[in-house]
Amino acid sequence: MLRLTVAGITGRMGHAVAELARADPAITLIGGLIRPEREGASDLMLPAGIQLTADALALLRESDVLIDFTQPAATARYASACAEAGCALVTGTTGLGDDQLDELRTAATSIPVLHASNFSLGIAVLRAVLPALVRALADWDVEIVEHHHRHKRDAPSGTALALREIIRAGRPETNSPVVAGREGMALRRPGEIGIHAIRGGGEPGRHLVLLGSEDELLELSHRVHSRRAYAAGAIAAAKWLAGRAPGWYRIDDLLAERLGDLAWASYARGRPGSS
Ligand SMILES: NC(=O)c1ccc[n+]([C@@H]2O[C@H](COP(=O)([O-])OP(=O)(O)OC[C@H]3O[C@@H](n4cnc5c(N)ncnc54)[C@H](OP(=O)(O)O)[C@@H]3O)[C@@H](O)[C@H]2O)c1
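Quick look at the structure:
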């Protein structure tokens, strides 16, 4: 039985994780971490019976894994608390700065830590196939468009940034300057990667990668219908991470078997003599 605590349980993602965890017979939901100023608040819309506290260490010492969807500063604090309590950490918080990532990496020297900017399976597969497409269409223009709900704080999304890095790595010979949005006289430069953030409505997450030549356009589009897609990925990650050795893990490690076929297929196609 996996003993789970959720940070950010009053938020959209934390709520979705708690709902799935409560319905999962393989999980005991130990409780939820909240900000000190929210302790005792009566307006928290949560299912009854969940223990809520700002005392992170007390809950984490009883837990195997913390799933965290909060904000960068809180995630860094929770990483230190997990290390002190000996509790594994799965976090999906985006917009982490270098200092905050350093705190997570320090925690990973004593506990297993898995950070992913997107827990959806569809995005994991997109990331796996993108290098082959970018290499095959090396001189095509690339643009990334992402759309998220009006409450999202960071832009561009962590997923758009990760896709951008994959594209840049696939074209090492090109400088690949990155342009965020365009305005006024803004002629496209060769090799440029355009990245555009739309904010509005309740959209849980939509990413579009456009690859275009003068005569053709290839569109890779991904959309989640509900936050359950991310929550299910985070719970799968928590089950996979519990009991592992301290270290820094990626969502691709968890999906290695499934993604391995794709990576192998791209590699095999690139080998001389392969059909
Ligand atoms: N990796 C993925 O697949 C994925 C998917 C979706 C979202 N995300 C990311 O997950 C994060 C949360 O997204 P969301 O849509 O759930 O946001 P949200 O609805 O605003 O929820 C944020 C949660 O964090 C808590 N929080 C804020 N500041 C805190 C602090 N200083 N200390 C402790 N808790 C604090 C909030 O508590 P209060 O209620 O007290 O404010 C709330 O419970 C964002 O970074 C988002 O980009 C990642």
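Sequential numbering of the sequence shown, starting at 1373, is according to my numbering.
Beta carbons are placed, not taken as given, at the ideal position from N, Cα and C, and that holds for glycine.
Query raised in the report: Taking 7 Å as the cut-off, does the CB of residue 1602 come closer than this to any heavy atom belonging to ligand 1?
Result: Correct: residue 1602 has its Cβ closer than 7 Å to ligand 1.
**Report entry** Chain-order list of residues whose beta-carbon lies under 8 Å from that of residue 1495 (same chain, five-residue window excluded)
**Finding:** Contacts found: 1531, 1579 and 1594.
**Report entry** Nearest-angstrom Cα separation, counted from residue 1497 out to residue 1546
**Finding:** Whole-angstrom Cα-Cα distance: 25 Å.
Report task. Assess, as a yes-or-no matter, whether the segment 1395-1411 is touched by the segment 1612-1623 under the definition of 3 or more beta carbon pairs within less than 8 Å. Result -> Counting C-beta pairs closer than 8 Å gives fewer than three between the segment 1612-1623 and the segment 1395-1411, which falls short of the contact rule.
Requested in this report: Counting only the same chain and skipping the five closest in sequence on each side, list residues whose C-beta sits under 6 Å from that of residue 1378.
Outcome: Same-chain partners within the cutoff: 1386, 1389, 1390, 1404 and 1439.
Query raised in the report: What did DSSP end up calling residue 1537 once you bin it into helix, strand or coil?
Result: DSSP places residue 1537 in helix when its eight states are reduced to three.
Report task. Give, in chain order, every unbroken run of the beta strand (DSSP E) that is at least 3 residues long and sits entirely within the segment 1505-1567. Result -> You should have 1513-1520 and 1550-1552.
Query raised in the report: Under three-state DSSP, which class holds residue 1597?
Result: It is coil, neither helix nor strand.
Query raised in the report: Given 8 Å as the limit, is there contact between the segment 1508-1523 and the segment 1561-1569, that is, 3 or more CB pairs closer than that?
Result: When Cβ pairs closer than 8 Å are counted between the two stretches, the segment 1508-1523 is seen to touch the segment 1561-1569, the count reaching three or more.
Query raised in the report: Just how far apart, CA to CA, sit residue 1587 and residue 1607?
Result: Their backbone Cα atoms lie some 43 Å apart in a straight line.
**Report entry** Exposure label - residue 1597; buried when at least 16 CB within 10 Å
**Finding:** Classification for residue 1597: exposed.
Query raised in the report: Any contact of the segment 1523-1539 with the segment 1502-1510, i.e. 3+ C-beta pairs under 8 Å?
Result: With a cut-off of 8 Å, the segment 1502-1510 and the segment 1523-1539 count as touching, because enough Cβ pairs lie within range.
Query - residue 1443 beta carbon near ligand 1 (any heavy atom closer than 7 Å) - result: Residue 1443: yes, Cβ under 7 Å from ligand 1.
Query raised in the report: How should residue 1482 be labelled, buried or exposed, when 16 other C-beta atoms within 10 angstroms of its C-beta is the threshold for buried?
Result: Per the 10 Å Cβ criterion, exposed.
Query - residue 1601 vs residue 1492 beta-carbon contact at 8 Å - result: A distance below 8 Å separates the beta carbons of residue 1601 and residue 1492.
**Report entry** residue 1543: CB within 7 Å of a non-hydrogen atom of ligand 1
**Finding:** No.
Query raised in the report: In chain order, what residues of the same chain have a beta carbon less than 7 Å from the beta carbon of residue 1610, not counting five sequence neighbours either side?
Result: So the qualifying residues of the chain are 1374, 1376, 1437, 1439 and 1462.
Report task. Kindly indicate which residue of 1431, 1553 and 1471 has the alpha-carbon position closest to the one of residue 1454. Result -> For the residues 1431, 1553 and 1471, the minimum Cα distance to residue 1454 belongs to 1431.
Query - Proximity test, residue 1410 beta-carbon vs ligand 1 heavy atom, cut-off 7 Å - result: Result yes, Cβ under 7 Å from ligand 1.
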